[in-house]
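S.K.: The structure follows.
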Amino acid sequence: MARWIIPVVASLWLVGCGEQAWQTKDISGLMPPLEFELIDENGNDVTADQFIGKSTLLFFGFTHCPDVCPTTLARLDAATQRMDEATRDDIQVLFVSVDPRRDDPETLRTYTDAFGPQFIGLTGDKAALDELTRRYRVTYGYGEEDSDGNYDVSHSSAVFAFNDQGEVRLLIRDSDPMDAVVADLERLASGA
Amino acid sequence: MSLTPHPSLPRLAKRWCWTFLLLIATSGTLAAAELEVSEARLRLLPGDLPAAGYFTLTNASEKGVTLTGADSLAFGNVMMHRTVNQDGVTRMQRVEQLVLQAGEQVEFAPGDYHLMLMKRTRNLAIGDDIEVTLRFANGQQQSVTFRAVSSTTQ
Chain Y
1 MARWIIPVVA
11 SLWLVGCGEQ
21 AWQTKDISGL
31 MPPLEFELID
41 ENGNDVTADQ
51 FIGKSTLLFF
61 GFTHCPDVCP
71 TTLARLDAAT
81 QRMDEATRDD
91 IQVLFVSVDP
101 RRDDPETLRT
111 YTDAFGPQFI
121 GLTGDKAALD
131 ELTRRYRVTY
141 GYGEEDSDGN
151 YDVSHSSAVF
161 AFNDQGEVRL
171 LIRDSDPMDA
181 VVADLERLAS
191 GA
Chain B
1 MSLTPHPSLP
11 RLAKRWCWTF
21 LLLIATSGTL
31 AAAELEVSEA
41 RLRLLPGDLP
51 AAGYFTLTNA
61 SEKGVTLTGA
71 DSLAFGNVMM
81 HRTVNQDGVT
91 RMQRVEQLVL
101 QAGEQVEFAP
111 GDYHLMLMKR
121 TRNLAIGDDI
131 EVTLRFANGQ
141 QQSVTFRAVS
151 STTQ
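Chains Y and B, in that order, are what the protein sequence lines are. Count the first sequence with my numbering and you get residues 1 to 192, in order. Count the second sequence with my numbering and you get residues 1 to 154, in order.
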């Protein structure tokens, strides 16, 4: 047996034994568990408890956002398309609109339907959104209205990932390689 | 006003005159051929939510050009934007003009420069070809065909 094989095999074995590392940003324990009181895309009052049991990806945005919001959602769609159906069914994406003035439940429903069944639109009044965004230390704000009544909304760009118990695990960014996102989401869905 | 050289001009002057007129007439076309646009696509969202236009623009000419905006008969309003990300917060910034030096290439791509196309004037479907005119500071225009793609296109 070649001399190099022993250390290689030994290190592979050790890697196999050790805790597998997350490839996107691990924020376990750094943020509080999933909690909110919002309105869903069917107009119903919902709380975070109703979403326990599946891995949850939380993203803040608004529907009148042509570039970054659909880009992030399309990436999450592409990542889940690479998984088998059972794994995909264990993941839900909560799109929280921080623009309730324009994003009524119907607009949200039509919007999230364009991305897939695992995408769920949520929003709420200012108090509910402020509480949720403060909880995860993110901000949002409104730009000036133009003559058409259109305005920009600033929002956080990263996706928060929670396990099926609602415990925070990851911060996923658009700059993360797709392979890393897929690997981490599969691991998350397996109960990590 | 007639573009024909005056009959009293000497023959050499006439020839110069024709050459000059020809140069004026073709300069616009020549310049347009030196601006290349590729991968033009328009990502649609449901309803009348604003769409994003992405493309790659190459200035293959020997002079700098300045892109000042775009418009399309299919939309009431088209704006040039850039997504900026600062301390984890993302927002859109209006872009009034974009200078491309000779030989320079700029990519309008997700998370960066993009066209924001608002107020559809007709129904649009995935797979449609949509004409968009790019406008430049020197008055030059370039018509580009954008392919409409789905919301889940990255």
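Yeah, the Cβ is synthetic: ideal placement off N, Cα and C, and Gly gets one too.
Pull the bridge partners of residue 70 of chain B from the DSSP assignment, please.
M.R.: B:134
S.K.: Please report how far the alpha carbon of residue 144 of chain B lies from the alpha carbon of residue 36 of chain B, in whole angstroms.
M.R.: 10 Å
S.K.: So residue 138 of chain B contacts chain Y; which residues on that side make the cut at Cβ distance below 8 Å?
M.R.: Per Cβ cutoff of 8 Å: no residues; residue 138 of chain B is ~27 Å from chain Y at best.
S.K.: Under 8 Å, do residue 172 of chain Y and residue 182 of chain Y count as touching if we go by C-beta distance?
M.R.: no
S.K.: Using 8 Å as the Cβ pair cut-off and three pairs as the minimum, do the segment 38–45 of chain B and the segment 78–94 of chain B touch?
M.R.: no
S.K.: Roughly how many angstroms lie between the CA atoms of residue 24 of chain Y and residue 184 of chain Y, to the nearest whole one?
M.R.: 7 Å
S.K.: According to DSSP, is residue 1 of chain Y part of a helix, a strand, or is it coil?
M.R.: Residue confidence for residue 1 of chain Y is low, a pLDDT of 49 falling below 50, so the modelled location carries little weight and cannot support an answer.
S.K.: Between Y:145, Y:53, Y:157, Y:123, which lies nearest to residue 137 of chain Y when the distance is taken from Cα to Cα?
M.R.: Ranking Y:145, Y:53, Y:157, Y:123 by Cα distance to residue 137 of chain Y puts Y:157 first.
S.K.: Report all residues from its chain with a CB closer than 8 Å to the CB of residue 53 of chain Y; omit the five preceding and five following residues, and keep chain order.
M.R.: 164
S.K.: In the DSSP assignment, find the alpha helix (DSSP H) that holds residue 111 of chain Y and state where it starts and stops.
M.R.: 105–113
S.K.: Is it right to say residue 142 of chain B is buried, meaning 16 or more other beta carbons lie within 10 angstroms of its own, or is it exposed?
M.R.: buried
S.K.: Which same chain residues, not among the five before or five after residue 104 of chain B, have their C-beta less than 7 Å away from its C-beta?
M.R.: 59
S.K.: Let me confirm a value: residue 134 of chain B is counted as buried when at least 16 other C-beta atoms fall within 10 Å, else exposed. Which label applies?
M.R.: Counting other Cβ atoms within 10 Å of its Cβ, residue 134 of chain B reaches 16 or more and is therefore classed as buried.
S.K.: Does DSSP put residue 36 of chain B in a helix, a strand or coil?
M.R.: strand
S.K.: Given residue 56 of chain B, which residues of its chain have a CB within under 6 Å of its CB, disregarding the five upstream and five downstream residues?
M.R.: 38, 39, 107
S.K.: From the DSSP secondary-structure annotation, give me the bridge partner or partners of residue 91 of chain Y.
M.R.: Y:55
S.K.: Return helix, strand or coil for residue 144 of chain B, following the three-state DSSP convention.
M.R.: If DSSP states are grouped into helix, strand and coil, residue 144 of chain B belongs with the strands.
S.K.: Any idea if residue 110 of chain B is buried or exposed, counting beta-carbon neighbours within 10 angstroms, 16 or more meaning buried?
M.R.: buried
S.K.: Based on Cα-Cα distance, which residue from B:80, B:136, B:130, B:115 lies nearest to residue 100 of chain B?
M.R.: B:136
S.K.: Quick one: what does DSSP say residue 93 of chain B is sitting in, helix, strand or coil?
M.R.: strand
S.K.: I'd like to know whether the C-beta of residue 59 of chain Y is nearer than 8 Å to at least one C-beta of chain B.
M.R.: It does not: the Cβ of residue 59 of chain Y has no partner Cβ on chain B nearer than 8 Å.
S.K.: Just the Cα atoms here: how many angstroms apart are residue 96 of chain B and residue 192 of chain Y?
M.R.: 47 Å
S.K.: Whole angstroms are fine: how far does the CA of residue 94 of chain Y sit from the CA of residue 68 of chain B?
M.R.: 38 Å
S.K.: May I ask you to list, following chain order, the residues of the segment 40–68 of chain B that have a beta carbon less than 8 Å from some beta carbon of chain Y?
M.R.: From the segment 40–68 of chain B, only 43, 45, 46, 47, 49, 50, 51, 52 have a Cβ closer than 8 Å to chain Y.
S.K.: Got a sec: which bits of the segment 149–161 of chain Y sit with their beta carbon under 7 Å from any beta carbon on chain B, in order along the chain?
M.R.: Within the segment 149–161 of chain Y, the qualifying residues are 150, 152, 154, 155, 156, 157, 158.
S.K.: Looking at the unbroken beta strand (DSSP E) that takes in residue 119 of chain B, where does it start and where does it end?
M.R.: 113–120
S.K.: Note down, in chain order, each residue of its chain lying with its Cβ closer than 6 Å to the Cβ of residue 62 of chain B, except the 5 sequence neighbours on either side.
M.R.: Cβ neighbours of residue 62 of chain B beyond the five flanking positions: 102.
S.K.: Just to confirm, is the Cβ distance from residue 53 of chain B to residue 98 of chain B under 8 Å?
M.R.: Contact check for residue 53 of chain B against residue 98 of chain B fails: the beta carbons are separated by 8 Å or more.
S.K.: Quick check on residue 75 of chain Y - is its C-beta less than 8 Å from some C-beta in chain B?
M.R.: By the rule that beta-carbons nearer than 8 Å mark a contact, residue 75 of chain Y touches chain B.
S.K.: Distance cutoff 8 Å, beta carbons only. Does residue 95 of chain Y sit that close to anything in chain B?
M.R.: no
S.K.: Any C-beta of chain B sitting closer than 8 Å to the C-beta of residue 63 of chain Y?
M.R.: yes
S.K.: Taking residue 134 of chain Y as the reference, which of Y:36, Y:102, Y:114, Y:186 has the closest Cα?
M.R.: Y:36
S.K.: For residue 141 of chain Y, which residues in the same chain have their Cβ closer than 6 Å to its Cβ, ignoring the five residues on either side in sequence?
M.R.: 154
S.K.: How would you call residue 177 of chain Y, buried or exposed, if buried means at least 16 neighbouring beta carbons within 10 angstroms?
M.R.: exposed
S.K.: Can you check whether the CB of residue 120 of chain B is closer than 8 Å to the CB of residue 74 of chain B?
M.R.: yes
S.K.: Let me know the secondary structure DSSP gives residue 51 of chain B once reduced to three states.
M.R.: strand
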